[in-house]
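Below is one structure, written out as structure tokens; comments come after it.
Number of protein chains: 2
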Amino acid sequence: MHLKVIGKVVNGVTESPHDWADVRSRIVIRPSYIDGLYRLSRFRHVWIIFGFHRQRDTVLRVHPRRDPRMPLFGVFATQSPTRPNKIGLTLVELLRIRRNVLTVKGLDAFDGSPVYDIKPSEDEIDF
Amino acid sequence: MHLKVIGKVVNGVTESPHDWADVRSRIVIRPSYIDGLYRLSRFRHVWIIFGFHRQRDTVLRVHPRRDPRMPLFGVFATQSPTRPNKIGLTLVELLRIRRNVLTVKGLDAFDGSPVYDIKPSEDEIDF
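Chains as they are written, first to last, in our numbering: chain P, 1 to 127; chain X, 1001 to 1127.
As structure tokens, then:
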């Protein structure tokens, strides 16, 4: 399947920070998809599906957190970007939505990462 | 981005059941990716990223659960398959792994759905 880019991450982050939890990012959604954001602001947390766009290699057994003292795990048992499909999945705090721009906290994506989908937190769905 | 199929859903389900929560599915992983499953069995819950392979249309404002009595929401505020990228994301219970076959409970995917990624439940990561 071919994934369409629905938006891009803008956060100026080009190197891994000590802790992604405090990183604030803007997600700029393509204007043609703005209707898909209708009433998203009722959620405080949303899942972001994005691309590890700087990752090329696939490695099926990895040391978690690239720490060689850790035992090896299959890549599907980790969040390593060295997976067959370079897609990341992170639950973020949704701070604000203005037109086609989301401001989120805790997204572990570098500046310029493509965004492919946004889904509400299951815990907060009340319909 | 082009997604590679890492496996397929086998559950015999061709019509929406009353409740997906009790549906048991096998996920048959392509043998070339079997190393990626190493130590996945330590997790009781895993996220499955799969394709809504029977879905064609994109609709940006939808009634949740296709219930016309519900107010309209943007598709990114729902789990509707009518999203720009036809990818589903579901947390399932991992019942068993035998070689390249996972048995899971609660996956809301029709028989034959392509699987693109498996990620551990964040709550259960202890590394």
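Every residue, glycine too, gets a C-beta built ideally from N, C-alpha and C. Note that the structure is a prediction, hence the values are computed from the model and not measured.
Residues in its own chain within less than 7 Å of Gly7(P) by CB, not counting five upstream and five downstream? Taking the first sequence and counting its residues from 1, the one referred to as residue 7(P) is at position 7. These residues qualify, in order along the chain: Ile27, Val28, Ile29, Arg30, Val115.
Given this structure, state the Cα-to-Cα distance separating Arg1098(X) from Arg39(P), to the nearest angstrom. Position 98 of the second sequence holds residue 1098(X). Position 39 of the first sequence holds residue 39(P). Using only the alpha carbons, I get a separation of about 43 Å.
Cutoff 8 Å: Asn1085(X) Cβ touching any chain P Cβ: Reading the second sequence from its first residue, position 85 is the one you call residue 1085(X). Yes, contact with chain P.
As an exercise, report each continuous beta strand (DSSP E) stretch of at least 3 residues that is fully enclosed by the region 1023 to 1097 of chain X, in chain order. 1024 to 1029, 1045 to 1051
Going straight from the alpha carbon of Arg1056(X) to that of Asn1085(X), what length do you get? Start at 1 with the first residue of the second sequence, and residue 1056(X) comes out as number 56. Start at 1 with the first residue of the second sequence, and residue 1085(X) comes out as number 85. Computed Cα separation, rounded: 10 Å.
Stretch-stretch touch, CB-based, cutoff 8 Å, three pairs: the region 46 to 61 of chain P with the region 78 to 93 of chain P: yes
Go ahead and pull the three-state DSSP assignment for Asp1117(X). Position 117 of the second sequence holds residue 1117(X). Strand at Asp1117(X).
Where the beta strand (DSSP E) containing Val5(P) begins and where it ends: Numbered from 1 along the first sequence, position 5 holds the residue referred to as residue 5(P). Element bounds for Val5(P): n/a, residue is neither H nor E.
So is Lys105(P) in contact with chain X if we call contact Cβ pairs under 8 Å? Here residue 105(P) refers to the residue found at position 105 when the first sequence is read from its first residue. So, not an interface residue.
Chain X contacts from the region 1 to 32 of chain P (Cβ-Cβ distance under 7 Å): Met1, His2, Leu3, Lys4, Ile6
C-beta atoms of Val1010(X) and Ser1025(X) nearer than 8 Å: As a first step, residue 1010(X) is located in the second sequence; it is residue number 10 there, counting from the start. As a first step, residue 1025(X) is located in the second sequence; it is residue number 25 there, counting from the start. Closer than 8 Å, so yes.
As a quick exercise: from His1002(X), Leu1003(X), Val1023(X), pick the residue whose alpha carbon is nearest that of Lys1012(X). Counting from 1 along the second sequence, the entry for residue 1012(X) is found at position 12. At residue 1012(X) the sequence reads Gly, which differs from the Lys that was named. Taking only the C-alpha atoms, the option nearest Gly1012(X) is Val1023(X).
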